[in-house]
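A.B. asks: Residue numbers (numbering that gives the first Met the number 0): 0 to 120.
C-beta: ideal position from N, C-alpha, C; glycine also.
I have a structure I would like to understand better, so I am pasting it below and will then ask my questions one at a time.
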Amino acid sequence: MYAVQYMAVVVVLSLMLYVLGKYGKREFEWEDFLFWETLLAVMLVIALFPVEIAVAIKRLLGLGRGLDALFVVGIGLAYLLILKVYVAVDRTEREITELTRKIAIELEEIRELLEETKKFK
C-alpha cells in the first residue's frame, strides 16, 4: 500500500466515526446516517483496492483507462449528492412557506379577536 492509501483509510475511518458520533447525538436521522456510512464504506473499499476497482469499473463501462472510470463514477456520485441536497432544500422551502402561511392566518385571527374585544370595552 502507498502512503496516500494509508492517509485515505485514516481519513475515511475518521469520517465514519464522526458520522457515528453525530448520529449518537441525534444530529442525523437514520436514513442520513445509513447513507453517509454506506458512502464512506464504499470510499474505504476504493481506498484499499483502487487499482482492482478501477479496472473492474473500466471493463464494466468500456472505458480506456481505470482512472477515467473512477472519474466517471465520482462525477455520478457528485450528481447524486447534489440531487439529495436539492431535494432537502426544496422540502425545507416548502415547509417554511407552509409555516409562514399558518402564522399569517393565526396572526390575522388574533388581530380580529383583539379588535372585537376593544369594541366591547
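Give, in chain order, every unbroken run of the alpha helix (DSSP H) that is at least 4 residues long and sits entirely within the stretch 3-79.
C.D. replies: Complete alpha helix (DSSP H) runs here, min 4: 29-47, 49-60.
A.B. asks: Should residue 53 and residue 79 be called a contact, given that it needs their Cβ atoms to be closer than 8 Å?
C.D. replies: Going by C-beta atoms, residue 53 is not nearer than 8 Å to residue 79.
A.B. asks: Say the cut is 7 Å; is the CB of residue 37 nearer than that to a heavy atom of the ligand HEM?
C.D. replies: Absence of the ligand HEM is noted for the structure shown, with no ligands found whatsoever.
A.B. asks: Have a look at residue 103 and residue 95 and give me their C-alpha separation to the nearest angstrom.
C.D. replies: C-alpha separation (whole angstroms): 12 Å.
A.B. asks: With distances taken between CB atoms, is the gap from residue 62 to residue 71 smaller than 8 Å?
C.D. replies: Yes.
A.B. asks: Would you report the Cα separation of residue 0 and residue 40, rounded to the nearest angstrom?
C.D. replies: Approximately 18 Å, taken between the alpha carbons.
A.B. asks: Reducing DSSP to helix, strand and coil, say where residue 1 ends up.
C.D. replies: Looking at residue 1 - three-state DSSP - the assignment turns out to be coil, as it is neither helix nor strand.
A.B. asks: Compute the Euclidean distance between the alpha carbons of residue 87 and residue 67, then round it to the nearest angstrom.
C.D. replies: Their backbone Cα atoms lie some 30 Å apart in a straight line.
A.B. asks: Under the rule that 16 or more other beta-carbon atoms within 10 Å means buried, what is residue 11, buried or exposed?
C.D. replies: Answer is buried; the Cβ neighbour count reaches 16.
A.B. asks: By how many angstroms is the C-alpha of residue 31 removed from the C-alpha of residue 18?
C.D. replies: About 9 Å.
A.B. asks: If you check the beta carbons only, do residue 36 and residue 15 fall under 8 Å apart?
C.D. replies: Closer than 8 Å, so yes.
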